[in-house]
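If you number the sequence shown the way this note's numbering does, the last residue is 538 and the count never jumps.
Backbone N, C-alpha and C fix where the C-beta goes; we use that ideal spot for every residue, glycine too.
The structure appears below as structure tokens.
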Amino acid sequence: MDEELKQEILYGRDHDRARVFISSRMNKTLDNERRAAADAVDRVSGHKAWWWEQDAPIGVLHSWNECIGFARTSTGLILLVAGELSAIVYAEYQAARDGGADRYILVRETDDLPPEVAGFIKEQQKTEAVTRNFRNIDELQTHIHQALTRSLVRALNEQVVARRGAGRRTSKRFGRR
């Protein structure tokens with residue numbers, strides 16, 4: 362079986378909700394923020410958070426493949442930053458990017474970032490993503506709600522514009538203006 366197809370089947374996309382992968386360093390410094398981010402995602406209609414603490418298959422130890430597979434097949438990825446990032450966090454981000462996911466980077470303001478993390482974020486700001494800083498849980502949840510809502514509206518608007526273009530071609534074919 363084709364590896365890409367196998368990954369899509371194992372970690373496949375949900376047909377009823379947009380799955381948003383919650384990514385961060387898991388060293389206890391962002392536990393409250395991870396829970397708050399998942400709650401914020403779940404409160405946006407049509408969205409479901411995927412986070413290790415709640416959704417990892419029981420009996421599976423921390424698995425690089427599980428995280429990468431679910432990140433790659435998610436509709437979005439929220440990266441919470443508060444200091445260093447681990448190799449798996451970078452890999453999750455890249456997998457989500459390769460899978461075409463929207464990516465949202467939220468940086469806790471009270472933390473000093475190592476130069477490599479600051480450089481990574483700066484590079485993403487130039488080419489990939491708009492980032493937001495947050496000072497507290499309420500601000501984090503507000504940023505998430507706004508980002509997911511705007512992404513949904515934008516995707517719907519892009520479909521409308523695409524159909525409008527397709528409609529013009531159809532109208533010309535049938536001699537209508």
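Note to self: Once the 5 residues before and after Arg-380 are set aside, which same chain residues still bring their CB inside 6 Å of it?
What the structure shows: Lys-409, Trp-411, Ser-435, Thr-436
Notebook entry, point to check: Counting Cβ pairs, one atom from each stretch, are 3 or more of them under 8 Å apart for the segment 512–532 and the segment 493–501?
Noted result: no
Margin query: Mapping the DSSP letters down to three states, classify Asn-393 as helix, strand or coil.
Written below: helix
Next item on the list: Compute the Euclidean distance between the alpha carbons of Leu-474 and Lys-483, then round it to the nearest angstrom.
Entry: 12 Å
Margin query: Please return the same chain residues whose Cβ sits closer than 6 Å to the Cβ of Leu-513, not counting the five positions on each side in sequence.
Written below: none
Check: For the segment 412–441, which segments carrying the alpha helix (DSSP H) assignment without a break, of at least 4 residues, lie completely within its bounds, in sequence order?
Finding: 413–416, 425–433
Notebook entry, point to check: Does DSSP put Asn-388 in a helix, in a strand, or in coil?
Noted result: coil
Notebook entry, point to check: CA-CA distance, Ala-452 and Ala-527?
Noted result: 38 Å
Item checked: Start-to-end residues for the alpha helix (DSSP H) that takes in Arg-458 -> 448–459
Next item on the list: Pick helix, strand or coil for Thr-471, following the three-state DSSP scheme.
Entry: coil
Next item on the list: Could you give the DSSP three-state label for His-376: helix, strand or coil?
Entry: coil
Notebook entry, point to check: What are the residues that DSSP puts in a beta bridge with Ala-410?
Noted result: Val-381
Note to self: Here's the rule I'm using: 16 or more other beta-carbon atoms within 10 Å means buried, otherwise exposed. How should Gly-480 be labelled?
What the structure shows: exposed
Next item on the list: May I have the straight-line CA-CA distance separating Trp-328 from Ile-449, to the nearest angstrom?
Entry: For the chain, the structure presents residues 362 to 538; residue 328 sits outside this window and is missing.
Check: Is Arg-496 close to chain C, meaning its C-beta is less than 7 Å from at least one C-beta of that chain?
Finding: Structure shown: chain C not included; a single protein chain is present.
Next item on the list: Would you mind stating whether Leu-441 and Leu-391 have Cβ atoms separated by less than 7 Å?
Entry: yes
Next item on the list: Could you tell me which of Asp-403, Gly-407, Gln-368 sits nearest to His-376, measuring between CA atoms?
Entry: Gly-407
Check: Going by beta carbon distance, what residues of the same chain come within less than 8 Å of Tyr-454, once the five residues before and after it are set aside?
Finding: Ser-384, Ala-432, Leu-438, Leu-440, Arg-464
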